[in-house]
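Visitor: Mind having a look at this structure? Questions to follow.
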Amino acid sequence: HDPEFAPSISILLKETIPALLECKRRGWARALGLTGYPLDVQHEILVKAASEFNTMVFDQSLVYCHNNIHDNSLFSEYCFPSERAATDTFAGFCQHSNINLMAAAPLSMGLLTHSGPPAWHPAPTVLKEACVKASKLCASEGVNLSSLAILYSLSHPSIGCTLLGMKDEKEVDVAADLASRFSTVIFDKESQDSILDQVLTRKEKDVLEKLLDKTDGPFAQLKEDYRWDGRKAARTFWELVDGMKQKS
Numbered sequence: 005h006d007p008e009f010a011p012s013i014s015i016l017l018k019e020t021i022p023a024l025l026e027c028k029r030r031g032w033a034r035a036l037g038l039t040g041y042p043l044d045v046q047h048e049i050l051v052k053a054a055s056e057f058n059t060m061v062f063d064q065s066l067v068y069c070h071n072n073i074h075d076n077s078l079f080s081e082y083c084f085p086s087e088r089a090a091t092d093t094f095a096g097f098c099q100h101s102n103i104n105l106m107a108a109a110p111l112s113m114g115l116l117t118h119s120g121p122p123a124w125h126p127a128p129t130v131l132k133e134a135c136v137k138a139s140k141l142c143a144s145e146g147v148n149l150s151s152l153a154i155l156y157s158l159s160h161p162s163i164g165c166t167l168l169g170m171k172d173e174k175e176v177d178v179a180a181d182l183a184s185r186f187s188t189v190i191f192d193k194e195s196q197d198s199i200l201d202q203v204l205t206r207k208e209k210d211v212l213e214k215l216l217d218k219t220d221g222p223f224a225q226l227k228e229d230y231r232w233d234g235r236k237a238a239r240t241f242w243e244l245v246d247g248m249k250q251k252s
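Just add 4 to the spot in the sequence shown (first one is 1) and you have this note's numbering.
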């Protein structure tokens, strides 16, 4: 969980992963999973662990905030070498490595809501501002940004499970209603576009098109700021810990 916060990947290879494999050998675990924010960190661990132990160690990968309206890098960023190709997307790498892929945080930890993210959110200011613009655009069209964001994330046929946090019964009911729109969808036979055509209203389709517009959409000018630096967030955390230790 969150391996980017580990002091080094070598510690994971020498201590953590051998302990996990021993748990699996003893029957204490059926499968091993890996989760974290930076896709490059996960990829590095998956590749190095496979090389170190002569097998693909992990059965599952859980990513978050990379399959949503402002960040689709899970399927669009080609920088992960695999046996199949010199470069691949992270999703492609998992598929061809027989790693089950799950995605969490379709609302990007509060960014894609009308109320906005919590104060601690690590997103850069320009991304937060872009999400405010997206919220205003949706409100002006009478479309709920969060609902649209959830539907968008749920529509990708390559993701077998999407994890969504909910704080009360009302949000559970809303999520259940949105999920019910997919009751007749055959995911293994449809593209994301065709699935979206089935589950979105005409107004929702129009608004989504505006949000994803690469020229005039709210996220069009973000360049590298469509996400945040997960490694930097980890370094900042340890700097705070070291600072508290020195004060004590």
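Think of the CB as a built atom: it goes at the ideal place given N, C-alpha and C, for glycine as much as any other residue.
So if DSSP puts N104 in a beta bridge, which residue, or which two residues, is it bridged to?
Guide: In the sequence shown, counting from the first residue as 1, residue 104 sits at position 100. N104 is bridged to Q64.
Visitor: Could you spell out the range, first to last residue, of the alpha helix (DSSP H) harbouring G247?
Guide: Walking along the sequence shown from the start, residue 247 turns up at place 243. Segment 234-251, the alpha helix (DSSP H) holding G247.
Visitor: Determine the burial state of N76: buried for a count of at least 16 other Cβ atoms within 10 Å of its Cβ, exposed for fewer.
Guide: For the purposes of this step, residue 76 is taken as residue 72 along the sequence shown, with counting starting at 1. Buried, since its Cβ has 16 or more Cβ neighbours within 10 Å.
Visitor: From K207 to S139, what distance separates their C-alpha atoms?
Guide: Position 203 of the sequence shown, counted from the first residue, corresponds to residue 207. Position 135 of the sequence shown, counted from the first residue, corresponds to residue 139. Cα-Cα distance, rounded: 15 Å.
Visitor: May I have the straight-line CA-CA distance separating L105 from K251, to the nearest angstrom?
Guide: Locating residue 105 in the sequence shown gives position 101, counting from the first residue. Locating residue 251 in the sequence shown gives position 247, counting from the first residue. Between L105 and K251, the C-alpha separation is close to 42 Å.
Visitor: Residues bridged to C165 by DSSP?
Guide: Indexing the sequence shown from 1 puts residue 165 at position 161. For C165, which the question treats as bridged, DSSP gives the partners M106.
Visitor: Going by DSSP, which residues form a beta bridge with G37?
Guide: On the sequence shown, position 33 is the one that residue 37 refers to. Note: G37 sits in a beta bridge opposite Q64.
Visitor: Could you tell me whether the stretch 117-132 touches the stretch 156-165, where touching means 3 or more Cβ pairs closer than 8 Å?
Guide: As far as the Cβ criterion goes, the stretch 117-132 does not touch the stretch 156-165, which means the pair count is below three.
Visitor: Pairs of beta-carbons, one from the stretch 148-156 and one from the stretch 180-190, closer than 8 Å: are there three or more?
Guide: With the cut-off at 8 Å, the stretch 148-156 and the stretch 180-190 touch.
Visitor: Report, in whole angstroms, the separation of the C-beta atoms of V203 and F186, which I expect to be a contact under 8 Å.
Guide: To locate residue 203, count along the sequence shown from 1; it is residue 199. To locate residue 186, count along the sequence shown from 1; it is residue 182. At roughly 6 Å, the Cβ-Cβ gap stays under 8 Å, so V203 and F186 are in contact.
Visitor: Quick check on DSSP: helix, strand or coil for D220?
Guide: Taking the sequence shown and counting its residues from 1, the one referred to as residue 220 is at position 216. Here D220 sits in coil by DSSP.
Visitor: For V147, which residues from the same chain have a beta carbon less than 7 Å from its beta carbon, with the 5 sequence-adjacent residues on both sides left out?
Guide: In the sequence shown, residue 147 corresponds to position 143, counting from 1. Here the set comprises K207, E208, V211.
Visitor: Once DSSP output is grouped into helix, strand and coil, what is the label at A89?
Guide: The residue given as residue 89 occupies position 85 in the sequence shown. Coil, per DSSP.
Visitor: Hey, quick one: how far does the alpha helix (DSSP H) through I49 stretch, first residue to last?
Guide: For the purposes of this step, residue 49 is identified with residue 45 of the sequence shown, where counting begins at 1. From DSSP, the alpha helix (DSSP H) with I49 extends over 43-57.
Visitor: Compute the Euclidean distance between the alpha carbons of K236 and T188, then round it to the nearest angstrom.
Guide: On the sequence shown, residue 236 is found 232 positions in, with the first residue counted as 1. On the sequence shown, residue 188 is found 184 positions in, with the first residue counted as 1. Spanning the two alpha carbons is a distance of roughly 42 Å.
Visitor: What is the C-beta distance between M60 and I103, in whole angstroms, given that I count them as a contact (C-beta under 8 Å)?
Guide: For the purposes of this step, residue 60 is identified with residue 56 of the sequence shown, where counting begins at 1. For the purposes of this step, residue 103 is identified with residue 99 of the sequence shown, where counting begins at 1. The pair is a contact, with the Cβ atoms about 7 Å apart (cut-off 8 Å).
Visitor: With DSSP collapsed to three states, give me the class of P128.
Guide: Mapped onto the sequence shown, residue 128 falls at position 124. Note: P128 maps to coil in three-state DSSP.
Visitor: Going straight from the alpha carbon of G114 to that of G120, what length do you get?
Guide: For the purposes of this step, residue 114 is taken as the residue at position 110 of the sequence shown. For the purposes of this step, residue 120 is taken as the residue at position 116 of the sequence shown. Cα to Cα, the separation comes out at about 6 Å.
Visitor: Between which two residues does the alpha helix (DSSP H) holding F9 run?
Guide: Position 5 of the sequence shown holds residue 9. It is not in any alpha helix (DSSP H) - F9 carries neither H nor E in the DSSP assignment.
Visitor: How is F186 classed by DSSP in three states: helix, strand or coil?
Guide: Within the sequence shown, residue 186 is the residue found at index 182, counting from 1. Of the three classes helix, strand and coil, the one that applies to F186 here is coil, per DSSP.
Visitor: Between the C-alpha atoms of G164 and A35, what's the straight-line distance to the nearest angstrom?
Guide: Counting from 1 along the sequence shown, the entry for residue 164 is found at position 160. Counting from 1 along the sequence shown, the entry for residue 35 is found at position 31. Taking the straight line joining both Cα atoms gives about 16 Å.
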